[in-house]
Each structure stands twice: as structure tokens, then as C-alpha cells.
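Notes follow the structure.
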Amino acid sequence: MISPYLGIIFTIIGYLLGLWLFKRFRLPILNPMFVGIITCIILMKITGITYEEYRTGASYITFFIAPATVSLMVPLYRNLDILKRNFIPILTGILVGSITAIVSVIVLSNLFQIGNELKISLSAQSITTAIALPLTELMGGVGAITSIAISTRGILGAVLGPVILDLFKIKNPVAKGVAMGTTSHATGTAKAIEMGEVEGAISGLSIAIAGIITAIILPIIIKIVI
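Residue numbers for the sequence shown follow our numbering, so the first one is 7 and each next one is one higher.
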């Protein structure tokens, strides 16, 4: 019988390897999450364990996603004055970003004639896993597909986000935080924290608000278009 702890071991090995490679070479493509995913796939192929067997152990780590997301509010508390001064612009940015993320997925899905189940599964990819997975399954989507989409979006956001912000000469730390948190959730927030405490704090707030907004409006939009 395969030990359920292999899922935990593979995940930790993959992430630590990715973290070491990123610190060693400082290349965006060596994002710890991306390297971790590839490493886990390779280890699963070598050992012959199935995804279900891997998930049994990895679920113990997945449990901590929600508490970890909540902990992102700590730097926000330290920068409460900035939040109060910029509350309306922050809320507006998150609202527009959340709606745009949903609509763009649906429009592109219709353009490429993607089935309803896959369309639903991809619609919640811009929010944190802790909210997206139960929301997707409640609407009739596939949680595994949503999880892959979330990971991919987070990695792309962390890698390309800073490049795009520089390209458009976005210097305001609040704007950077809203952009990173709304579009690429926890992975983007990890990158935002590297940019600065304000960026990280606002990005963490954006995760929570974007999740709430999406949980409210996504089921309504899905009922209209499907």
C-alpha cells in the first residue's frame, strides 16, 4: 500500500527545489510553484502513484490554504491608514478586475466553443483556491480543472505582472497591489510582498474582496449565459 504521506513529501520537495532554483538563478520561469508542479508530476511518474493517491496526502497541505490566506491580513492591519485613504479606488479596481476576469473567460470560451462544464471550471480561476474550488463544484464544474487554471494564472501573474506594471509605468504601490491580488491571487500576492509591504497588504485584501465579489456575481452570470 502506498503511503498517503508521499503526497506531502513530494509537494515539499518540489516547492523547496523550486525555491532554491529561483533564489540561485533569479529567473521568472523558475517560479517555485511552477517548478513544484513539474517536480511532483515527475516524481509521480517515477514512483507510479496516481493523482488520487497523491491527493490523499497533499490534501493535508491544501487544508492550510484558507488559514494562510487569512494571515495575509496582518500586513493590511499595519497599513490601515493607506486603506482608509484609498478605499473607493481600491474597491472599484477590484470590482472591475473581478468582472473583467469572468467576462473574458466566458467570451473566449464561447469564441472557441468550449463546453459548459469546462467553461464553468475556468470561470473562477482568478480567485483563491479556498473559494474557487467549492464555488466551481457548486455550479457543476470540475474542481481539478479549476485548480490547474488557478495555478497557471497565479504563475503567469507572478511572472508577467511586474513586467506589465513596468511596461505601463505603474508606480503607485496601491495600484500594484490591487492588480496583483485581483488577477493572480496568492501567488501574485507572494510576488507583491517582494515589491513592498504596501503592495503585499493591498494584494492580500484584494484576494479576499475579489473572492467575495466573484462568489456573488459568478453564479448569476453563469445562469444567464448557460
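Glycine included, C-beta positions come from ideal geometry on N, C-alpha and C.
Helix, strand or coil at residue i [DSSP, three-state]
{"i": "SER132", "result": "coil"}
{"i": "ILE176", "result": "coil"}
{"i": "ILE232", "result": "coil"}
{"i": "GLY160", "result": "helix"}
{"i": "VAL148", "result": "coil"}
{"i": "ASN122", "result": "helix"}
{"i": "GLY54", "result": "coil"}
{"i": "GLY202", "result": "coil"}
Rounded C-alpha distance that separates residue i from residue j
{"i": "ILE161", "j": "THR98", "result": "25 Å"}
{"i": "GLY121", "j": "GLY149", "result": "15 Å"}
{"i": "SER104", "j": "ILE137", "result": "14 Å"}
{"i": "PRO168", "j": "ILE88", "result": "21 Å"}
{"i": "SER132", "j": "PHE28", "result": "24 Å"}
{"i": "ILE151", "j": "LYS175", "result": "34 Å"}
{"i": "ALA216", "j": "GLY183", "result": "13 Å"}
{"i": "LYS197", "j": "HIS191", "result": "10 Å"}
{"i": "ARG91", "j": "ILE44", "result": "42 Å"}
{"i": "GLU203", "j": "PRO38", "result": "21 Å"}
{"i": "LEU173", "j": "THR188", "result": "19 Å"}
{"i": "GLU200", "j": "ASN116", "result": "37 Å"}
{"i": "TYR60", "j": "ILE154", "result": "15 Å"}
{"i": "VAL113", "j": "VAL180", "result": "29 Å"}
Host alpha helix (DSSP H) of residue i (start-end)
{"i": "GLY61", "result": "The residue asked about is misnamed: residue 61 is Arg in this sequence, not Gly. Residues 57–68."}
{"i": "ASN116", "result": "93–117"}
{"i": "ILE19", "result": "11–31"}
{"i": "ILE71", "result": "71–77"}
Among the options, the one whose alpha carbon lies nearest that of residue i
{"i": "SER65", "options": "VAL80, LEU101, ILE14", "result": "ILE14"}
{"i": "ILE232", "options": "PRO140, GLY147, VAL184", "result": "GLY147"}
{"i": "LYS229", "options": "LEU25, SER129, TYR83, GLY210", "result": "SER129"}
{"i": "PHE40", "options": "LEU139, ARG84, PRO10, GLY194", "result": "GLY194"}
Check: residue i C-beta below 7 Å from any heavy atom of the ligand SAH
{"i": "VAL180", "result": "Absence of the ligand SAH from the depicted structure is noted, as is the absence of any ligand whatsoever, leaving it without description."}
Cutoff 8 Å: residue i Cβ touching any chain D Cβ
{"i": "THR98", "result": "Absent here is chain D; the protein component of the structure consists of one chain."}
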